[in-house]
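Here this note's numbering is used: position 79 in the sequence shown is 79, and no number is missing along the way.
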Amino acid sequence: VENQLLPITSGEVASVADIVRPFIEAASRKGPMPLDASAVLKLCADGLHQIWMAKNKSGEAIAVAVTGICADADGRRVCEWVSAAGAAPGAWMGFTEQIEDWARRQGCAAMRSFSRPAMGRVLPKSYRVKGVIFEKGLR
């Protein structure tokens, strides 16, 4: 079995909190906006955000991403990358297409990332810069 991506349901958040919290905290330290890991975990437990945990073939967590769906000013559903960090640089990047496919199934028209400028070097080239916001159309 290769690395796999697991969507964590709202009911599973408490059981994985100690595993995913360090990844969320690491993303907060590097990202453009501070995140309160406890607040992010509560949003996930309440079903308002989605945790994605990547595991290696040994079953160890190697990356965690958090997404949230919102409506933009044009009324489009947009899936936003809230947090993403891995045990190695870019560890979660191999899973972006799976998350994008999920977002499409949720009716999202785009993916969006409020990121530090360096993310422009690692995000797939299909994301385009809109100021400091990275977005990829899904339709």
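Every residue gets a Cβ at the ideal spot worked out from N, C-alpha and C, and that includes glycine.
Since the model is a prediction, treat every value here as computed from it, not as a measurement.
With distance defined between alpha-carbon atoms, name the residue in the options nearest to residue i.
i: residue 10; options: 43, 138, 120, 88; result: 43
i: residue 57; options: 125, 119, 121, 4; result: 4
i: residue 55; options: 108, 48, 120, 93; result: 93
i: residue 53; options: 122, 7, 70; result: 7
i: residue 102; options: 68, 119, 120; result: 68
i: residue 47; options: 76, 85, 70; result: 70
i: residue 119; options: 107, 81, 100, 104; result: 81
i: residue 62; options: 115, 114, 85, 15; result: 85
Near residue i, what residues of its chain come up, given a Cβ to Cβ distance below 8 angstroms and the 5 sequence neighbours on each side ignored?
i: residue 83; result: 23, 24, 27, 28, 31, 35, 40, 64, 65, 66
i: residue 74; result: none
What would DSSP say about residue i, mapped onto helix, strand or coil?
i: residue 52; result: strand
i: residue 126; result: coil
i: residue 42; result: helix
i: residue 68; result: strand
i: residue 83; result: strand
i: residue 76; result: coil
i: residue 17; result: helix
i: residue 139; result: coil
By Cβ distance, which residues of its chain are closer than 7 angstroms to residue i, with the 5 residues on each side in sequence left out?
i: residue 135; result: 110, 111, 112, 127, 128
i: residue 13; result: 41, 44, 45, 51
Would you list the residues sitting across from residue i in a DSSP beta bridge?
i: residue 6; result: 53
i: residue 63; result: 54, 86
Here's a check: name, in chain order, each residue in its chain whose Cβ is nearer than 6 angstroms to the Cβ of residue i, leaving out the five neighbours to either side.
i: residue 98; result: 5
i: residue 95; result: 5, 54
i: residue 139; result: 109
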